[in-house]
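Undergrad: What follows is a structure written as structure tokens; I'll ask about it next.
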Amino acid sequence: MTRRMAFFVHFGDLLIVSQVHIKISLDAFKKYAVPLVLAEEHLDYKSGQVVFYERHKPYGIYVLRKGRIRLFTKENGVEKLLRIVVPGSIFGADEVCGRRPFEFGAKAETDVSVIFFGESVFEETASLFGAGKRKFGKGGKKKP
């Protein structure tokens, strides 16, 4: 049976609503969704603190709840700004899905709060929505 589900996610002052059409039983959904919610970690970083380094292995996916995070690369020892992450943004997912190291570093530009989902929990839950076999390869680029 296909179900239409709405997810309400609260990030700091933002409320994000997302609708998903999934073809699973309610029992199967509960089996994966509840552990995902229970597995989330809330992490806080002070302004200037590094969240992760360029070329490091990703261990999970980040969702920024409040504050601003700077994504950057280093060229000749100088930081080059790629973009500023704002509340509600997800980052690290492409690297986890592609099983490749970060191509950029992340540093708290202000005091920040993030939700972190470990790689194993994300893989288990993604398989529920059909992303597991398609996106979680052995390395390299994300498959279409």
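So the sequence shown is residues -3 to 140, counted in my numbering.
Ideal placement from N, C-alpha and C gives every residue a C-beta, glycine not left out.
All values derive from a computational prediction rather than experimental measurement.
#1: Would you check if the distance between the CB atom of I65 and the CB atom of A102 is smaller than 9 Å?
#2: What are the uninterrupted segments assigned as alpha helix (DSSP H) that are 4 or more residues long and contained completely in the stretch 78 to 110, given in chain order?
#3: With distances taken from CA atoms, which of I111, G114, R96, F113 is nearest H52?
#4: Would you decide whether V46 is buried or exposed? Buried here means 16 or more other CB atoms lie within 10 Å of its CB.
#5: Taking only three categories from DSSP, how would you classify E37?
#6: Less than 8 Å between C-beta atoms, sequence neighbours within five positions excluded: which residues of the same chain meet that for K76?
TA: Inspection of the coordinates gives the following:
#1: Numbered from 1 along the sequence shown, position 69 holds the residue referred to as residue 65. Numbered from 1 along the sequence shown, position 106 holds the residue referred to as residue 102. In contact: I65 and A102 (Cβ atoms closer than 9 Å).
#2: 89 to 94
#3: Position 56 of the sequence shown holds residue 52. The shortest C-alpha separation from H52 is found at R96.
#4: Within the sequence shown, numbered from 1, the residue matching residue 46 stands at position 50. Per the 10 Å Cβ criterion, exposed.
#5: As a working mapping, residue 37 is identified with position 41 in the sequence shown. Of the three classes helix, strand and coil, the one that applies to E37 here is strand, per DSSP.
#6: On the sequence shown, position 80 is the one that residue 76 refers to. Taken in chain order, the residues that qualify are F68, T69, K70.
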